[in-house]
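Undergrad: So the sequences go chain by chain: R and E.
Using my numbering, the first residue of the first sequence is number 11, and each one after it goes up by one.
Using my numbering, the first residue of the second sequence is number -7, and each one after it goes up by one.
Even for Gly, the Cβ is constructed at its ideal location relative to N, Cα and C.
As the structure is a prediction and not an experimental result, all values here were calculated from the model.
Take this structure first; my questions come after.
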Amino acid sequence: MKGEIFLLQTQVAEEVLARATATGADFGEIYLEDQTAQNIVLKSGKIETVNSGRTHGAGIRVFVGNQAVYVYTNDTSREGLLACAEKAAAAVNQGKGCTVAPFAVTHAEKPEEIRLLPTDVPAARKAEKLREADAAARKYSDEIAQVQVRYMDRVQDVLICNTEGTFVTDRRVYTRMAVNAVATDGKENQSGSMSPGGLMGFEAFDGRIDAAYCGREAARQAVTMLHAPVCPAGVFPVVIDNGFGGVIFHEACGHSLEATSVAYGISEFSGRLGEMIAAPCVTAIDDGTIVNEWGSTHVDDEGMPTGRLVLIDHGRLVNYMIDRLGSRRMNMPPTGSGRRESYAWAPTSRMRNTYIAAGEDDEQAMIAEMKEGLYAKYMGGGSVNPATGEFNFAVNEGYWVKDGKIVHPVRGASLIGRGSDVIMKIDRVGRNCTQAQGMCGSMSGSIPVNVGQPMIRVSSLTVGGR
Amino acid sequence: MEVSKFMDLLLESAGKNGIGPAEIYYEDNDSFSAKAQRGVIDSYEVSSTCSLSMRGSVDGKMGFASTEAFDEDSAEYMIRAVRESALLNEAEEQDEIFAGDEHYPEVEAEEDDLDSVSAEEKLQLALKAEAAAKDADPRIAQTEGASVSTQVSHSMIRNTYGLNLSSTRKLFVAYALPIAKDGESTATGFKMKYGRKLRELDPEELGREAAADTVAQLHAEPVTSGEYRIIFRHDAMQSLLQTFSGIFSAENAQQKMSLLAGREGEEIASPLVSITDDPLRRGGLATSAFDGEGSATFRKAVVEKGVLKTLLHNRKTARKQGVKTTGNARRAGGMHVAPSNFYIEPGTQTLAELMQEMGDGLLITDVSGLHAGANPISGDFSLLSKGFVVRGGKQAEPVERITVAGNFYQLLKSVRAVGSDLDFPGSSIGCPSVDVGVMPVSGK
């Protein structure tokens, strides 16, 4: 894969778009992708698999009013794309049609500089980082029974063009490492994990990803949880630490602000722009522009430039995340939020780097003033039903707080609730906002996103435990 | 270039580049899906894709690579990537490329009608299902859609020993997602049907059943936190078994990721629990005469009356343990282990009888957030759940926003009764409803 390339000639693109919209569609789009990825897995101290893969294909999408047709294939030859366009056109039998506007040919602007393109780095050099993490995890404790380390990189070249004249190429370079450590006492297993990454090349290991630290932290979590009693169940105040703690906002609120659920009035936040939907201490932002961040984008997967979008301003709902189709359905402008896993998924409204902005509260006082409750240091993943707002997520490392003091670690805790309740019940927001990386799965596949927040407190939340 | 030519080119240049033996796995897939929402076809998707992966041995070490582009650049890339991958591979036990078994079981081809059903007919089915859901009850305010999709896929294994196996899969999946509203209460539901004869699908029935399930969840409230007798309905139990099916993998056991390592012959579950892996099950979603590395497949008891009979193996894990493969090799990046049609054997009691016998407790019909609330290594789970209160042996008011917590290893032992309603909800993993005894519930 040589530098950023035009994967398609403009004349062919024009011909394909004209064919796809010939039966009445009023918008047509081509998304063409060529991606090279490498995954390396180390288990039991040894490199177990090295897997390289090339993803290659194209998706053609047309709209007729608020309805969408999506056709995709691996055959990106002129003939293959025209065949795809025929299939898209065949699904349409009405509509006002459109003409293909002259293309404004551009490369997406990228604020970051990729210093070490992963495809130029030998796998053996990547493997060294895995060994470093593995050794640090094992050294932490004799109770560490198993360590698995994964390294993942990908270089994704895309071309997005449409009947409105967009013709943009983009290159997205991702690098990530994930460490999972298992501690055992012979009868029970507990695990811990760390998985930092960035929109960057192998230079991620110069500063952003500290392999040894990841190994130690994963091991420390696993060992801590091995010796922790199970978390009490009930309704308690909960303090959630910064960084990955932001998954609470992502699940409890973020998904319900995506056009996917807002457009048809399904979300509990539909039709509530301008209303106070959260406590006044809550400001929440979805920002695609942070340099090198895992969830950042240059242009979205519909060719729109990225941006910084305030979702909630001091408790007031001010914006939704809107893709092109959502924009038609909601009669509001798109926000550069159209994202997809690959050509095999039609894009839809998705989050980027989504976080609760820093507040003014003192972190130590937050715990000291809470009497009895849970301090969630590391959160696991979660999920939400946008129609009811019900969410749940796991606490990977938690501590029980009594009389305002942390007394011991607790395992097996989960947090459940309803999004609209929980963001009203946030009563403290700390000063130090940090970000953490995750993969978010939804209607357009699995995509990289950041979650983030400073330390926050929720005045009462259902804690699932035993 | 044509895929068959690309395969020839790859196998030939593998040999020239010191890769041998070598093997290609190829898959293609044609799919169609349409979703009706608000009375119109809201989304419509058609695809035709193929992918190819290759593994090959260099100095006895295995390398892997895959591609979706079939040009000369890709062929070079594949050879280079397989070599790089093999040269770094340090695993003590290496996967092997297999020349093939002498005999493969007959898998009866299921009749289907998928090729003859037109796109227009599929759209009508989706529209009818959505309309039926809305018409079934005035409280169904809208839906998140009703969808009909079909998939036809072929897979093929070819290697330098001359092995050449192929199989075809055909399937339709239809589902409806109603949303019910009554006053302040909102409930969502989901019902799925699948099979190989789309003309036998009754879209009205699908819509009605989905609506009935959804409306039943209206005005659900949490119960008070405490210990409850629990029955997991077949679908909720299936979610649990699917999440924890990895504990039966010899690969996980050998890597200390499963607590079932070395426990073959021991009682690991209640005597009421038998678990079968049957790759030859008629109509199963994972039915195939061969596994991911070309071994012939067969039916086997994994747990028999509570006793662990075998873990699931591929050739590598079997060799390491000095046993024969169970035909459960699964390709996913490298070569791994996965169940085929995998299920808890049904008992004789209906769900109503299970509830009658339980008396008071909870019937859990849905668990969510399994990727977050369940730890497949420790077996611990704490899951957001929905269902119904069971009072005096009868299903009573709906329950939501509760978590049910436990440990899957302990759950297997605490089973008090197994129902007769074995179901595979659009999955190759199936369960009947199961009374799992007392578990802690967190609610209000």
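Determine the direct distance from the alpha carbon of R:N402 to that of R:I170, and round the result to whole angstroms.
TA: Counting from 1 along the first sequence, the entry for residue 170 of chain R is found at position 160. Counting from 1 along the first sequence, the entry for residue 402 of chain R is found at position 392. Distance between the alpha carbons of R:I170 and R:N402: 36 Å.
Undergrad: Indicate the three-state DSSP secondary structure (helix, strand or coil) for R:E285 in the structure shown.
TA: On the first sequence, residue 285 of chain R is found 275 positions in, with the first residue counted as 1. Note: R:E285 maps to coil in three-state DSSP.
Undergrad: E:L251 versus chain R: which residues are under 9 Å apart at the beta carbon?
TA: Indexing the second sequence from 1 puts residue 251 of chain E at position 259. T194, K197, E198 and N199, listed in chain order.
Undergrad: Among the candidates R:P112, R:K106, R:A78 and R:V110, whose CA atom is the shortest distance from the CA of R:K97?
TA: Residue numbering aside, residue 97 of chain R sits at position 87 when the first sequence is read from its first letter. Here the closest residue by C-alpha is R:A78.
Undergrad: Looking at chain R, is there any beta carbon in it that lies within less than 9 Å of the beta carbon of E:I149?
TA: As a first step, residue 149 of chain E must be located in the second sequence, where it is residue number 157. So, not an interface residue.
Undergrad: Helix or strand or just coil, what does DSSP make of R:G432?
TA: Mapped onto the first sequence, residue 432 of chain R falls at position 422. Note on identity: in this sequence residue 432 of chain R is Val, with Gly being the wrong assignment. Three-state DSSP puts R:V432 in a helix.
Undergrad: So, is E:A101 buried or exposed, given that buried needs 16 or more other C-beta atoms within 10 angstroms?
TA: For the purposes of this step, residue 101 of chain E is taken as the residue at position 109 of the second sequence. Answer is exposed; the Cβ neighbour count stays below 16.
Undergrad: Give the residues from the region 13 to 31 of chain E that approach chain R closer than 8 Å (Cβ to any Cβ), ordered along the chain.
TA: Answer in chain order: Q29 and R30.
Undergrad: Here's the rule I'm using: 16 or more other beta-carbon atoms within 10 Å means buried, otherwise exposed. How should R:V473 be labelled?
TA: Taking the first sequence and counting its residues from 1, the one referred to as residue 473 of chain R is at position 463. Buried: at least 16 other Cβ atoms inside 10 Å.
Undergrad: At which residues does the beta strand (DSSP E) containing E:D34 begin and terminate?
TA: Taking the first residue of the second sequence as position 1, residue 34 of chain E is located at position 42. Residues V32 to V50.
Undergrad: Please list, in chain order, the chain E residues whose beta carbon lies closer than 8 Å to that of R:I276.
TA: Residue mapping note: residue 276 of chain R aligns to position 266 of the first sequence, counting from 1. Ordered by position in chain E, the residues that pass the 8 Å Cβ test against R:I276 are Q134, E136 and I171.
Undergrad: Closest to R:I466 by C-alpha separation, out of R:N329, R:R164, R:A423 and R:M434, would be which residue?
TA: Here the question's residue 466 of chain R lines up with position 456 in the first sequence. Looking at the Cα atoms, R:M434 is the closest of the given residues.
Undergrad: By Cβ distance below 8 Å, which residues in the same chain neighbour R:G440 in space, the five residues on each side in sequence not counted?
TA: Residue numbering aside, residue 440 of chain R sits at position 430 when the first sequence is read from its first letter. These residues qualify, in order along the chain: N252, A368, G369, D371, D372, E373, M376, P464, M465 and I466.
Undergrad: With a cut-off of 9 Å, does the C-beta of R:S151 fall near any C-beta of chain E?
TA: Along the first sequence, one-based indexing puts residue 151 of chain R at 141. No, its Cβ sits nowhere closer than 9 Å to a Cβ of chain E.
Undergrad: Report yes if the C-beta distance between R:V189 and R:E227 is below 9 Å; otherwise report no.
TA: As a first step, residue 189 of chain R must be located in the first sequence, where it is residue number 179. As a first step, residue 227 of chain R must be located in the first sequence, where it is residue number 217. Contact: yes.
Undergrad: Within the region 377 to 425 of chain E, note down every full beta strand (DSSP E) run reaching 3 residues or more, in order along the chain.
TA: 386 to 399
Undergrad: Can you tell me the Cα-Cα spacing of E:F373 and E:F400, whole angstroms?
TA: The sequence position of residue 373 of chain E within the second sequence is 381, counting from 1. The sequence position of residue 400 of chain E within the second sequence is 408, counting from 1. Each residue's alpha carbon lies about 7 Å from the other.
Undergrad: Sort R:E303, R:I57 and R:Y82 by Cα distance to R:E142 and report the nearest one.
TA: The residue labelled residue 142 of chain R in the question sits at position 132 within the first sequence. Looking only at R:E303, R:I57 and R:Y82, the smallest Cα-Cα distance to R:E142 is reached by R:I57.
Undergrad: I'd like to know if R:Q447 contacts chain E, where contact means its C-beta is closer than 9 Å to some C-beta of that chain.
TA: Within the first sequence, the letter at position 437 stands for residue 447 of chain R. Not one chain E Cβ lies under 9 Å of R:Q447.
Undergrad: I'd like to confirm the pairing. Which residues does DSSP put opposite E:K312 in its beta bridges?
TA: In the second sequence, the residue the question calls residue 312 of chain E occupies position 320. In the DSSP output, where bridge partners are listed per residue, E:K312 has none listed.
Undergrad: How long is the line joining the alpha carbons of R:G336 and R:P357, rounded to whole angstroms?
TA: Numbered from its first residue, the first sequence carries residue 336 of chain R at position 326. Numbered from its first residue, the first sequence carries residue 357 of chain R at position 347. When only Cα atoms are considered, R:G336 and R:P357 end up about 11 Å apart.
Undergrad: Pop quiz: R:P206 and R:R186 are said to be a contact at Cβ under 8 Å. What is the actual Cβ separation, rounded to whole angstroms?
TA: For the purposes of this step, residue 206 of chain R is taken as residue 196 along the first sequence, with counting starting at 1. For the purposes of this step, residue 186 of chain R is taken as residue 176 along the first sequence, with counting starting at 1. Their Cβ separation, rounded to whole angstroms, is 7 Å, which keeps R:P206 and R:R186 in contact under 8 Å.
Undergrad: For E:K185, collect the residues of the same chain with a Cβ closer than 7 Å to its Cβ; drop the 5 residues on either side in sequence, then sort them by chain order.
TA: Along the second sequence, read from residue 1 onward, the residue named residue 185 of chain E stands at position 193. Excluding sequence neighbours, E:K185 sits near A166, L193 and L198.
Undergrad: Since I believe R:V257 is in contact with R:V420 (beta carbons under 8 Å), could you give me their beta-carbon distance rounded to a whole number of angstroms?
TA: By one-based count along the first sequence, residue 420 of chain R stands at place 410. By one-based count along the first sequence, residue 257 of chain R stands at place 247. In this structure R:V420 is not in contact with R:V257, their Cβ atoms being roughly 18 Å apart against a cut-off of 8 Å.
Undergrad: R:L327: beta carbon under 8 Å from a heavy atom of the ligand PLP?
TA: Absence of the ligand PLP from the depicted structure is noted, as is the absence of any ligand whatsoever, leaving it without description.
Undergrad: Could you tell me the alpha carbon to alpha carbon distance between E:S241 and R:A93, rounded to whole angstroms?
TA: The sequence position of residue 241 of chain E within the second sequence is 249, counting from 1. The sequence position of residue 93 of chain R within the first sequence is 83, counting from 1. Each residue's alpha carbon lies about 43 Å from the other.
Undergrad: Does the Cβ of R:L27 have 16 or more other Cβ atoms within 10 Å, making it buried, or fewer, making it exposed?
TA: Working through the first sequence from its first residue, we reach residue 27 of chain R at position 17. Residue environment: R:L27 is assigned as buried (16 or more neighbouring CB atoms within 10 Å of its CB, all protein chains considered).
Undergrad: Is it buried or exposed, R:H117, if we count other Cβ atoms within 10 angstroms and call 16 or more buried?
TA: Taking the first residue of the first sequence as 1, we reach residue 117 of chain R at position 107. By the neighbour-count rule (16 or more Cβ atoms within 10 Å), R:H117 is not buried but exposed.
Undergrad: Closest by CA to E:K27, which one among E:I11, E:G257 and E:L117?
TA: Taking the first residue of the second sequence as 1, we reach residue 27 of chain E at position 35. Ranking the options by Cα distance to E:K27, first place goes to E:L117.
Undergrad: Helix, strand or coil: how does DSSP classify R:G462 here?
TA: For the purposes of this step, residue 462 of chain R is taken as residue 452 along the first sequence, with counting starting at 1. Reduced to three states, the DSSP call for R:G462 is strand.
Undergrad: Against chain E, does R:S62 count as a neighbour if the rule is that its beta carbon must be under 9 Å from one of theirs?
TA: Your numbering for residue 62 of chain R matches position 52 in the first sequence. Closer than 9 Å: yes.
Undergrad: Of all Cβ atoms in chain R, is any one closer than 9 Å to the Cβ of E:R393?
TA: Here the question's residue 393 of chain E lines up with position 401 in the second sequence. E:R393 counts as touching chain R.
Undergrad: Taking only the alpha-carbon atoms, compute the straight-line gap between R:R148 and R:T129 and give it to the nearest angstrom.
TA: Here residue 148 of chain R refers to the residue found at position 138 of the first sequence. Here residue 129 of chain R refers to the residue found at position 119 of the first sequence. So the two alpha carbons sit approximately 30 Å from each other.
Undergrad: Where do the ends of the beta strand (DSSP E) carrying E:M350 lie?
TA: Start at 1 with the first residue of the second sequence, and residue 350 of chain E comes out as number 358. Unbroken run through E:M350 is the alpha helix (DSSP H), L343 to M350; no beta strand (DSSP E).
Undergrad: Just to make sure I have the definition right: I need the residues of chain E whose C-beta is within less than 9 Å of the C-beta of R:S203. Which are they?
TA: The sequence position of residue 203 of chain R within the first sequence is 193, counting from 1. Neighbours of R:S203 on chain E: none; closest Cβ ~10 Å, over 9 Å.
Undergrad: For R:P419, write down the residues that DSSP places opposite it in a beta bridge.
TA: Reading the first sequence from its first residue, position 409 is the one you call residue 419 of chain R. Paired residues: R:Y409.
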